[in-house]
Each structure stands twice: as structure tokens, then as C-alpha cells.
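**Student:**
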Amino acid sequence: MDTLAPLSGKRILCIEDDDDTREMLRLLLASSGYEVVCAGTVADGLAIASAEGGFALYLLDNWLPDASGVEACKRIRRFEPTTPIVFCSAAAYDGDREKALEAGAHAYLVKPVAVETLVQTIGRLIRAERAANNGADRRGGLLEQD
Numbered sequence: 008m009d010t011l012a013p014l015s016g017k018r019i020l021c022i023e024d025d026d027d028t029r030e031m032l033r034l035l036l037a038s039s040g041y042e043v044v045c046a047g048t049v050a051d052g053l054a055i056a057s058a059e060g061g062f063a064l065y066l067l068d069n070w071l072p073d074a075s076g077v078e079a080c081k082r083i084r085r086f087e088p089t090t091p092i093v094f095c096s097a098a099a100y101d102g103d104r105e106k107a108l109e110a111g112a113h114a115y116l117v118k119p120v121a122v123e124t125l126v127q128t129i130g131r132l133i134r135a136e137r138a139a140n141n142g143a144d145r146r147g148g149l150l151e152q153d
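First residue of the sequence shown: 8, per the working numbering; consecutive thereafter.
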């Protein structure tokens, strides 16, 4: 079944301002077969997204130096209406999560997050988007939490 096909080589744009966290996320996701492009600011991330495109998922921090992750999410939604967006942030209040989801995010993970949870969430969302683009029914349990 296509929804179980390997995700190797799928591109992720990670917008994270902390150098160490950004590099850790890049290495962890690369070890799972993803191609990860990183940016440290919303402006840089949006410039990369605009110039390169073709990302399977956007991974955002919520606290960034030049704008919030919520603002980045809203801007991404202008040109990427369905591509999955996942927040991975230390902003742990319910209001932070609600604002991100209202802006168009598919998931909101609070740091520190287990590597397995991060990788599973990303894989599930990319598979669900691929299934939707192939005309398949998204309900098939792909977005449910285990």
C-alpha cells in the first residue's frame, strides 16, 4: 500500500533559532532518512520555502527572534495550504497550542519531546498528506494518536 512506502528522501524545512536544537533535529531526522533544510529565523525559513519549495513538512519552533511560529505558520499557509506543519516548542501553555492549531498546524509537540514521538508524528503526517494527494481517504487511522 502506498501509505506505507518509505519516507526516505522526503524534505523537511525546520525553522528553529537555537543552534544546538536545530542541529540535533537535523541529525535525528536525517538518521530517519529525511532531507532536512534548516533556518534560524522566520525570514530565512520563508525565503528558503519560497526559493526551493517541495517540502513534505514544516517543523517550527514557536519562539523565534523575528516572529512567532504562529505567524510563520500563517504565512506558510498562504502558499502551502495542505503541507503538514508541526510545532516543536518549549511554549507549553494550552493557549500556545490552540493558536498554532488555529493557524493551520497539524500537531504541536512540547519540548523536550521523545525522539520516537517526533519521528512517528512526522511520518504519520507525511503519509496522510501523501494519501490525501493520491485521492485516498485520510481517516484510515493515520492521524490518530497511539
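By construction, the Cβ of each residue, glycine as well, lies at the ideal position given by its N, Cα and C atoms.
In angstroms with no decimal places, state the Cα-to-Cα distance between THR89 and ALA112.
**Tutor:** Near 10 angstroms, if we compare the C-alpha coordinates of ALA112 and THR89.
**Student:** Which of the three DSSP states is assigned to LEU71 in this structure?
**Tutor:** Reduced to three states, the DSSP call for LEU71 is coil.
**Student:** Do the CB positions of PHE62 and ARG18 come within less than 9 angstroms of each other?
**Tutor:** It is a contact, given that the beta carbons lie within the stated cut-off.
**Student:** Within 10 Å of its beta-carbon, does ALA12 have 16 or more other beta-carbons around it, so buried, or fewer, so exposed?
**Tutor:** Low local confidence applies: a pLDDT of 46 at ALA12 is under 50, so the model's placement there is unreliable, with the coordinate-based value given in what follows. By the 10 Å Cβ count, ALA12 comes out exposed.
**Student:** Would you call GLY76 buried or exposed, if buried means 16 or more other Cβ atoms sit within 10 Å of its Cβ?
**Tutor:** With 16 or more other Cβ atoms within 10 Å, it is buried.
**Student:** Where does GLU151 sit, in a helix, a strand or coil, going by DSSP?
**Tutor:** The predicted model places GLU151 with a pLDDT of 33, which falls under 50 and marks its position as unreliable; any figure quoted below should be read in that light. In the structure shown, GLU151 sits in coil (DSSP, three-state: anything other than H, G, I, E or B).
**Student:** Does DSSP put ALA46 in a helix, in a strand, or in coil?
**Tutor:** Residue state, collapsed to three classes: strand.
**Student:** Give a single yes or no on whether ALA135 has its beta carbon closer than 8 angstroms to a heavy atom of the ligand NAP.
**Tutor:** For the ligand NAP, the structure offers nothing, since it holds no ligand at all.
**Student:** Please classify ALA121 as buried or exposed, where buried requires at least 16 neighbouring CB atoms within 10 angstroms.
**Tutor:** That one is exposed.
**Student:** Taking 9 angstroms as the threshold (C-beta atoms), are ARG82 and VAL49 in contact?
**Tutor:** Cβ distance < 9 angstroms, so VAL49 and ARG82 count as in contact.
**Student:** Ordered along the chain, which non-local residues of its own chain (more than five positions away) have a Cβ less than 7 angstroms from that of ARG128?
**Tutor:** It should be pointed out that residue 128 corresponds to Thr in this sequence rather than to Arg. For THR128, where only same-chain residues beyond five positions count, the Cβ hits under 7 angstroms are VAL93, ALA114 and LEU116.
**Student:** To the nearest angstrom, how far is it from the Cα of VAL126 to the Cα of SER39?
**Tutor:** Going by the C-alpha atoms only, they are around 8 angstroms apart.
**Student:** Taking all protein chains shown into account, do 16 or more other C-beta atoms lie within 10 angstroms of the C-beta of GLY52, making it buried, or fewer, making it exposed?
**Tutor:** The residue in question, GLY52, is buried, as its Cβ has 16 or more Cβ neighbours within 10 Å.
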